[in-house]
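There are 2 protein chains.
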Amino acid sequence: MADKSSKTNKVSLSQVAKAAGVSKMTASRVLRGDGGYSEKTRALVMQKVDKLGYLPNRLASVFAGDQISTFVGVSIPDLGNEIFAQVLEGIDRKLGAFGHQTVLGLTQHTPEEEENWIRTVLSWQPAGLILTGRSHAPRAIEMLRNAAIPIVEIWDLNSSPLDMSVGINHFDAGFDMGRYLVGCGYRNIAYVGTSHDTANAATTRLAGFTKAVEGGGGRVTRHLCLHDTAAYYPGFYGTEQLLASTTDVECIFYQNDAMAFGGMQYCTANGMDVPGDIGIAGWGNLPIASVMPKRLTSMHVPHLKLGQVAAEMMLARLSGEPVVNYRDIGFKLIPGSTVKNVMARG
Amino acid sequence: MADKSSKTNKVSLSQVAKAAGVSKMTASRVLRGDGGYSEKTRALVMQKVDKLGYLPNRLASVFAGDQISTFVGVSIPDLGNEIFAQVLEGIDRKLGAFGHQTVLGLTQHTPEEEENWIRTVLSWQPAGLILTGRSHAPRAIEMLRNAAIPIVEIWDLNSSPLDMSVGINHFDAGFDMGRYLVGCGYRNIAYVGTSHDTANAATTRLAGFTKAVEGGGGRVTRHLCLHDTAAYYPGFYGTEQLLASTTDVECIFYQNDAMAFGGMQYCTANGMDVPGDIGIAGWGNLPIASVMPKRLTSMHVPHLKLGQVAAEMMLARLSGEPVVNYRDIGFKLIPGSTVKNVMARG
DNA sequence: AAGATTTAAGTTACCGGTAACGCAAAAACG
DNA sequence: CGTTTTTGCGTTACCGGTAACTTAAATCTT
Numbered sequence: 051m052a053d054k055s056s057k058t059n060k061v062s063l064s065q066v067a068k069a070a071g072v073s074k075m076t077a078s079r080v081l082r083g084d085g086g087y088s089e090k091t092r093a094l095v096m097q098k099v100d101k102l103g104y105l106p107n108r109l110a111s112v113f114a115g116d117q118i119s120t121f122v123g124v125s126i127p128d129l130g131n132e133i134f135a136q137v138l139e140g141i142d143r144k145l146g147a148f149g150h151q152t153v154l155g156l157t158q159h160t161p162e163e164e165e166n167w168i169r170t171v172l173s174w175q176p177a178g179l180i181l182t183g184r185s186h187a188p189r190a191i192e193m194l195r196n197a198a199i200p201i202v203e204i205w206d207l208n209s210s211p212l213d214m215s216v217g218i219n220h221f222d223a224g225f226d227m228g229r230y231l232v233g234c235g236y237r238n239i240a241y242v243g244t245s246h247d248t249a250n251a252a253t254t255r256l257a258g259f260t261k262a263v264e265g266g267g268g269r270v271t272r273h274l275c276l277h278d279t280a281a282y283y284p285g286f287y288g289t290e291q292l293l294a295s296t297t298d299v300e301c302i303f304y305q306n307d308a309m310a311f312g313g314m315q316y317c318t319a320n321g322m323d324v325p326g327d328i329g330i331a332g333w334g335n336l337p338i339a340s341v342m343p344k345r346l347t348s349m350h351v352p353h354l355k356l357g358q359v360a361a362e363m364m365l366a367r368l369s370g371e372p373v374v375n376y377r378d379i380g381f382k383l384i385p386g387s388t389v390k391n392v393m394a395r396g
Numbered sequence: 051m052a053d054k055s056s057k058t059n060k061v062s063l064s065q066v067a068k069a070a071g072v073s074k075m076t077a078s079r080v081l082r083g084d085g086g087y088s089e090k091t092r093a094l095v096m097q098k099v100d101k102l103g104y105l106p107n108r109l110a111s112v113f114a115g116d117q118i119s120t121f122v123g124v125s126i127p128d129l130g131n132e133i134f135a136q137v138l139e140g141i142d143r144k145l146g147a148f149g150h151q152t153v154l155g156l157t158q159h160t161p162e163e164e165e166n167w168i169r170t171v172l173s174w175q176p177a178g179l180i181l182t183g184r185s186h187a188p189r190a191i192e193m194l195r196n197a198a199i200p201i202v203e204i205w206d207l208n209s210s211p212l213d214m215s216v217g218i219n220h221f222d223a224g225f226d227m228g229r230y231l232v233g234c235g236y237r238n239i240a241y242v243g244t245s246h247d248t249a250n251a252a253t254t255r256l257a258g259f260t261k262a263v264e265g266g267g268g269r270v271t272r273h274l275c276l277h278d279t280a281a282y283y284p285g286f287y288g289t290e291q292l293l294a295s296t297t298d299v300e301c302i303f304y305q306n307d308a309m310a311f312g313g314m315q316y317c318t319a320n321g322m323d324v325p326g327d328i329g330i331a332g333w334g335n336l337p338i339a340s341v342m343p344k345r346l347t348s349m350h351v352p353h354l355k356l357g358q359v360a361a362e363m364m365l366a367r368l369s370g371e372p373v374v375n376y377r378d379i380g381f382k383l384i385p386g387s388t389v390k391n392v393m394a395r396g
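Chain order of the listed sequences is A and B. Just so we're aligned, residue 51 is where the first sequence starts under our numbering, counting upward by one. Just so we're aligned, residue 51 is where the second sequence starts under our numbering, counting upward by one.
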């Protein structure tokens, strides 16, 4: 009975110490393996720890200012986009393996939400922050500087990062894709994406893409920016919308593979042959691509690795190791067979 | 210069108070809007807060034991499975809207990892915990009881939850699917899933499914349990594996839609007609289903809502409102057209 | 105008750990 | 065997807030 009621009360270090007949400090030393105690005392304290079910209060030790926190704040736009789910998975697995915890923030791509989230999460004295994207509200930047903690900006490489940055150069990657499609013979190309999904990276990517296409004598005739998430169905209806108002599009470049898949489904469902009647290119080389009947033309970006590297940079900085604060993880064009081959067009 | 160097130092309430020429306590009252100060003082303090860029230290206030934490620990098996990404999104959006933060734990379906994660996250004095699944290590359960904080177990309804539970009855849902497929005329049915993905719920579901199938005169002839994630490609190669050793399977029931889609791709790629030659049924009614040429036979479970409801139960409990501690969010069979209609078999 | 009440503060103690320092007993040393 | 060193442990102070209490001045009463 007495045992039962005591269960709901948190056991503090003092209680453990009292039970073991030693001082709080001795108990603290035992728990941290600091040395400075006899084996007999150690055993006694540990026994009481077990018996009382003592759990240390990290709030107290971090608060005392003597230890750094094990929290890392991670902001991600949304999880409906598989890409970011993969990135987050990479981050959390790596952080978790080194005893750190992820405090999640789904910031929906808006700087205001990000700013609010940053304010809140900073008040918890995190060890560091991993932020998706490179555009932040001015007040957010000020808070981040004041906080003086490690910060990793991911996704879109930032040549002048707040602190560290890892990702790819979306302009270059977009350029490569544009050059490839022009090289395949396409001249009249459309783009289908969403407006609020990684707004900046997608915009940068499209800029690079457009430059390459125009440089090769083609044109990006239409940009369709849906107010939706970058998922299967928006790709489907976005394509419907696009083709309803345009008839001369030869190839469509989508914001990601999920949208590309949705678009391809629309095309085939409406009697169009891919790539015979229309070319399709996606982005991200998502898992879905591995089971498609035709290999989707896409751009491979190692998302899981991106998350892992971001976490590694954070961990290295936290443990005081020297860190390269700028890492390009690269991309690779997947030619696929949803666009015509340049040879076939001779 | 002096300004710059001071930027990296954290500003404490005492510093604000000193700058404003008032006591720490007065500054504290102003910040919390407690009353007990003049308008003049309030303005003065707030001005200093702005000027110094003061950010409260929540560690301190929560630690002082006077406020409850705004952290909620959320354990999720993995994010490679879209289902859980949706659940997490639902949870975090709802929690975030009410000023709470998600501390993520990817526990990979193992009770040991979950136990370790629980130990760590409890040491941060969270306001509550949301856990996926209903099976926990004995020591984890003990810690959870001792912590005496709100706990929501999600995914698989738990009729005797630790505290609160929300999800669906996977046995019943599996049973419904089994009955449906038998009703379509199938007798020789196979199952393809993964072993460590929501092990318990999937197992329970399969048990219900098997019971219904056998009750209707059919048999679940093969269970293929891959050691992989429940994603597209495992569905593809799992199906290949299954069909290599069996020729009389009439219908395959998959652990989720992603696997089902992968399986369907294998079948069509190998000249089989779906549902002409083989029936395909999935689970979860995932977004991919919305763009498939044939509506996938599946079971709709409102995952985003599941997350939201879990968060709502947590928030209600935290604000002291009365809470129903057991909520069935229901499921709905999607007949689809990847299985034969019973009429067609007449 | 003297007493009662309200307002606007300040003071003290505490949350649960840990750093820094102190000190007696035991061990090592010459 | 006396001195130095080490070992083992206790004491004190502090982190940054907040509850509870106190106090002095301002305002209201009759």
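Backbone N, C-alpha and C define an ideal beta-carbon position, used for all residues, glycine too.
Cβ neighbour criterion (16 or more within 10 Å) applied to residue i
i	result
S295 (chain B)	exposed
I362 (chain A)	It should be noted that the sequence gives Glu, not Ile, for residue 362 (chain A). Under this definition E362 (chain A) is a buried residue.
R269 (chain B)	exposed
N391 (chain A)	exposed
I168 (chain A)	buried
F22 (chain A)	Absent from the structure is residue 22 (chain A), since the part of chain A shown begins at 51 and ends at 396.
E132 (chain A)	buried
P343 (chain B)	exposed
Q117 (chain B)	exposed
D247 (chain A)	Because the pLDDT of D247 (chain A) is 49, which lies under 50, any placement of that residue in the model is unreliable, and the question is left without a value.
M364 (chain B)	buried
Beta-carbon proximity of residue i to residue j, cut-off 9 Å
i	j	result
G285 (chain B)	A319 (chain B)	no
G357 (chain B)	D142 (chain B)	yes
A197 (chain B)	K60 (chain A)	yes
S348 (chain A)	D307 (chain A)	yes
T260 (chain A)	G313 (chain A)	no
I199 (chain B)	A177 (chain B)	yes
N250 (chain B)	D206 (chain B)	yes
I180 (chain A)	A360 (chain A)	yes
V232 (chain A)	G258 (chain A)	no
P325 (chain A)	S387 (chain A)	yes
T170 (chain A)	H150 (chain A)	no
is_contact[residue i, chain A] using C-beta, thresh 9 Å
i	result
R395 (chain B)	Because R395 (chain B) sits at a pLDDT of 45, beneath the cut-off of 50, its placement in the model cannot be relied upon, and the point is left open.
D128 (chain B)	yes
F311 (chain B)	yes
G332 (chain B)	no
P211 (chain B)	no
K101 (chain B)	no
F148 (chain B)	no
Residues bridged to residue i (per DSSP)
i	result
N238 (chain B)	B:R269
M214 (chain B)	B:V202
I126 (chain A)	A:L156
S62 (chain A)	Paired residue(s): none; S62 (chain A) is not in a bridge.
H350 (chain A)	A:G334 and A:K382
L274 (chain B)	B:V242
T297 (chain A)	T297 (chain A) pairs with nothing; no bridge assigned.
F303 (chain B)	B:Y241 and B:A331
Any chain B beta carbon closer than 9 Å to residue i
i	result
D247 (chain A)	With a pLDDT of only 49 at D247 (chain A), under the threshold of 50, the placement of this residue in the model should not be trusted, and no figure is reported.
A319 (chain A)	yes
N238 (chain A)	no
W167 (chain A)	yes
G183 (chain A)	no
L207 (chain A)	no
R377 (chain A)	no
Open item on the list: I'd like to know if the region 361-380 of chain A and the region 154-162 of chain A are in contact, where contact means that at least 3 CB-CB pairs between them fall below 8 Å.
Closed with: no
Task: Sufficient close CB pairs (3 or more, under 8 Å) joining the region 297-305 of chain B to the region 313-332 of chain B - done: yes
Open item on the list: Could you check whether the region 93-100 of chain B touches the region 63-71 of chain B, counting it as contact only if at least three pairs of C-beta atoms, one from each stretch, sit closer than 8 Å?
Closed with: yes
Task: Stretch-stretch touch, CB-based, cutoff 8 Å, three pairs: the region 261-281 of chain A with the region 220-237 of chain A - done: yes
TODO: Decide yes or no for the touch test of the region 206-213 of chain A against the region 173-189 of chain A: beta carbon pairs closer than 8 Å, at least 3 of them.
DONE: yes
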